[in-house]
Amino acid sequence: MTSREGGAEAPGRRAGRPGWKLTQEGVVFALAVVLFALFALTLDKFLTAGNLVALVRSVAILGILGLGMGLVVIGRGIDLAMVATMVVSVSWILALSDTGMPLGTALLIGFAFAVAVGFASGILIAYATIPAIFTTLAMGLIVYGSGRAWLFQVDVQNTPANSEFFNFLAQATVLGIPMMIVAFAVLAVIVWALLKWTRFGRFVYATGDNPSAARVAGIPTRYLMVAQYVITAIIAYLAGLIMAAANSGMSTRVYNSTMIYDVLLVVVLGGIGLSGGRGGVRNVLVGTLLVGVLLNGMTIFDIPYTQQNLIKSVILLIAIVIDSIVNPRDEQTAQQEQGDI
Amino acid sequence: MRLMKLLPALVGAAFLATAAHAEDKGLDNHVKLDPYYNGLKGKKVVFVPLAMGFDLTEGWAAIMKKQAADLGYSFEIRDPNWSTDAGTRAITAIIAEKPDLAIIHNPDLQSYARLEQRMVQAGIKVLQVNLETTNPTDYYVGADWVKVGLIEADALVKKCGTGSGTSGKVAILEGQPTAASNLYELYAYYKIFGADPAIKIVADQAATYDPAKARAITETVLQQHPDLCGIVGNWDNQDVGAGAAVQAAGKSDQVYIVTSGGGSKTGCDNIEKGLLDLIVSYDVPLQGDSLNQAIVQLLLSPAKAGEIQSTYFTPLTLQTKETISSRNCWTLDQLK
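So the sequences go chain by chain: Z and H. Position in the first sequence counted from 1, then plus 8, gives you this note's numbering. Once you know that position 307 of the second sequence is 292 in this note's numbering, the rest is easy, because the numbers rise by one and skip nothing.
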């Protein structure tokens, strides 16, 4: 709704309507608000605190992954290995602790694994200059495959019974708000601060907007890329821990679902362009909110599965259509071939 | 002197004679053994599961592998890893390969149905396991899903139906909407729930085997219906998510969760933890034995592929906190 956008802004576009511009983020936010109002008016218990908590909780994992994905997309990358990293690092932790290893040690091993995955992707993308989309697609398969082959036998791992750590994540609340949402909020603030207030954040925007110019200007773009993928992997790892706590276990089948595309959808829907250099945490939150309101409302209406998918797709399409009418493709967005995607 | 020389030879001969005589004792039963072992040796069996790596398929495969090694027929697994598309490709390749028997675990009622007919036309016998298509082939070994559904729904009606003094509100958690288990169970649920005026179905949602989805749906349903009495679900590995939501809401004593599964230790652990209340188990070790029996029968039978169609619905057992023990909760290591 406002004119603030990270990184580059097409100067010509702002000149027409100074200070106010209907962005994709605005469109999606408006859609979310309209749906929210509609549900609040038509559904009895939609507007209760309990339901709103359930609403946010149901999309918290998606949102957390969206924060990581948002970060790399702003840096003109993409990480399709996020879900695999999440699933495998946490499943390994659960499998290890099942064999009697202390949970603390297992958590460290899982963390090291996630960092190693992020590091490997980063090195391949930054130094071998393999396009991010292929590197991370392959990395996801490698991570999932090696996990299934060597790290655990069965594809559903339960959290250890009576584990204080997982019970805390699952049941603790801050001012009545469950840990899952608190974690989402804390991570959102951290990523926001990282992008907004640190030199690292500025560099990410600069690199995403124009990698060659950034390098010429002396920004260590290669280090920066590696760091982005490591951060994304760590976020995926944290999302996995929270997910395992919430569901009392981790199902590696999640890797085979459309989750990674849902994450990407939240990011793109919120208005972070795949060409990089724009958007921020707020876009991720708005995208997540729309998906959350939709899912929650449709579940309360008890709409069958296939129709839910249909409605979801139609609404997403509407958001994109409105955006392309309001913000026609211009010179700036046409430069996408510069990017990897 | 000559006698002395002869004696060892004579003794030796006597020993040989008794030894030879010992071999003659008893019967070698070649009438049955030869056609059995020779008939199985060198045959080729291929298994296409939904995916490997979860309790059901790992359990069946372990048992089938053991018998294959023992009887000398080959047993291969083509793992499509939850992708119907990859499964279709695997089956198409199998048609060209012409094994003697294909064991198919169907993701839904339709996808592989025509391919299975093509396999039968190509002379490959087809054994469907636990999840079937609408077209019967040579054999089906697995749960009678309508019966599973009836037992589940009956158990829930006992807890939430007329005279229970509860709200009577129940939620249905479907699995994969088009899978055999789902459609047959759904029929049973609606039939039983419809017969009791006290039962109100407040939600009927698909969790597509995903515990996270089951959790999110249950959480929302509990917000709308804090007095929910019961949940009936498609699969224990999925419905553990519903259990987690109920537990998080502190309603474990109020909401009774009924589901079905293979009866593995993981399921029993979830009952122990209070996440699930009743699992209608189709008993994977027992299904594995039935599969082995069906494999031998199909490989030995002179009937052509598709000529005779048989079904064996494997027995069901009920697992609750009271009935579970190390005896009826299996682990993969026990089966291997």
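From the three backbone atoms N, C-alpha and C, an ideal C-beta is built for every residue, glycine too. Please read these numbers as outputs of a predicted model, since none were measured by experiment.
Check the DSSP bridge columns for residue 29 of chain H and list the partner residues they point to. H:59
Contact between the stretch 215 to 225 of chain H and the stretch 253 to 262 of chain H is defined here as three or more beta-carbon pairs at a separation below 8 angstroms; is this criterion met? yes
Neighbouring residues, chain H, relative to residue 257 of chain Z (Cβ below 8 angstroms): 196, 225
How is residue 189 of chain H classed by DSSP in three states: helix, strand or coil? strand
For residue 174 of chain Z, which residues in the same chain have their Cβ closer than 6 angstroms to its Cβ, ignoring the five residues on either side in sequence? 167, 253
How long is the line joining the alpha carbons of residue 345 of chain Z and residue 223 of chain Z, rounded to whole angstroms? Residue placement at residue 345 of chain Z is flagged as unreliable, the pLDDT there being 48, under the threshold of 50; a coordinate-derived value is accordingly withheld.
Backbone CA spacing between residue 275 of chain Z and residue 248 of chain H [nearest angstrom]: 41 angstroms
Should residue 197 of chain Z be labelled buried (16 or more other beta-carbon atoms within 10 Å of its own) or exposed? exposed
Of the residues that make up the stretch 151 to 168 of chain Z, which ones have a beta carbon closer than 8 angstroms to any beta carbon in chain H? 156, 161, 162, 163, 164, 166
Near-chain H residues of the stretch 261 to 284 of chain Z - C-beta to any C-beta below 8 angstroms: 261, 262, 264, 265
Chain-ordered chain Z contacts of residue 63 of chain H [CB-CB under 9 angstroms]: Here the premise fails: no neighbours, minimum Cβ distance about 15 angstroms.
Looking only at C-alpha atoms, which of Z:143, Z:172, Z:191, Z:114 sits nearest to residue 68 of chain Z? Z:191
Which residues, in chain order, does the stretch 29 to 59 of chain Z contribute to contact with chain H at a C-beta distance below 7 angstroms? 53, 56, 58, 59
Please report the straight-line C-alpha distance between residue 103 of chain Z and residue 34 of chain Z, rounded to a whole angstrom. 44 angstroms
Out of curiosity, what's the CA-to-CA distance linking residue 12 of chain Z and residue 42 of chain Z? Here the model assigns residue 12 of chain Z a pLDDT of 43, short of 50, so the residue's position is not dependable, and the following value carries that caveat. Going by the C-alpha atoms only, they are around 23 angstroms apart.
Residues in the same chain with beta-carbon distance under 7 angstroms from residue 78 of chain H, minus the five sequence neighbours each way, listed in chain order, please. none
Which residue spans inside the stretch 95 to 154 of chain H form an unbroken beta strand (DSSP E) run of at least 3? 110 to 114, 124 to 127
Am I right that residue 193 of chain H and residue 160 of chain H are in contact with their C-beta atoms under 8 angstroms? What's the rounded C-beta distance? 7 angstroms
Could you tell me the alpha carbon to alpha carbon distance between residue 90 of chain Z and residue 170 of chain H, rounded to whole angstroms? 36 angstroms
For residue 189 of chain H, I'd like the list of residues in its chain whose CB is within less than 6 angstroms of its CB, leaving aside the five on either flank, ordered along the chain. 157
Residue 195 of chain Z versus residue 266 of chain H - alpha carbon distance: 42 angstroms
Contacts that residue 93 of chain Z makes with chain H (C-beta to C-beta distance below 7 angstroms): Those within 7 angstroms of residue 93 of chain Z in chain H number zero; the least Cβ separation is about 17 angstroms.
Give me the subset of the stretch 201 to 212 of chain H whose CB atoms are less than 9 angstroms from a CB atom of chain Z, sorted by chain position. 201, 202, 204, 205, 206, 207, 208, 209, 210, 211
Spatially closest choice to residue 240 of chain H from H:297, H:140, H:277, H:250, by CA coordinates: H:140
Cβ-Cβ separation, residue 97 of chain H to residue 134 of chain H (assumed contact under 8 angstroms), whole Å: At roughly 23 angstroms, the Cβ-Cβ gap does not stay under 8 angstroms, so residue 134 of chain H and residue 97 of chain H are not in contact.
Taking all protein chains shown into account, decide if residue 214 of chain Z is buried (16 or more other Cβ within 10 angstroms of its Cβ) or exposed. buried
Could you tell me if residue 95 of chain Z is buried or exposed, where buried requires 16 or more neighbouring beta carbons within 10 angstroms of its beta carbon? buried
Inter-stretch contact (C-beta, 8 angstroms, three-pair minimum) for the stretch 107 to 123 of chain Z and the stretch 81 to 90 of chain Z: no
Which runs of the alpha helix (DSSP H) fall wholly inside the stretch 39 to 121 of chain Z and span at least 4 residues, in chain order? 57 to 82, 90 to 106
Sequence-distant residues of the same chain with beta carbon closer than 7 angstroms to residue 45 of chain H, five excluded per side: 114, 269, 272, 273, 276
Residues of the stretch 285 to 312 of chain Z in Cβ contact with chain H at a cutoff of 8 angstroms, in chain order, please. 303, 304, 307, 308, 310, 312
Alpha carbons only, please: which of H:180, H:63, H:15, H:232 is nearest the one belonging to residue 34 of chain H? H:63
At least three beta-carbon pairs within less than 8 angstroms, the stretch 137 to 152 of chain Z to the stretch 204 to 211 of chain H: no
Is it true that the CB of residue 243 of chain Z sits closer than 8 angstroms to the CB of residue 76 of chain Z? yes
Between which two residues does the alpha helix (DSSP H) harbouring residue 37 of chain H extend? Run containing residue 37 of chain H: none; DSSP gives neither H nor E here.
Distance, Cα to Cα, residue 20 of chain H vs residue 287 of chain H? 12 angstroms
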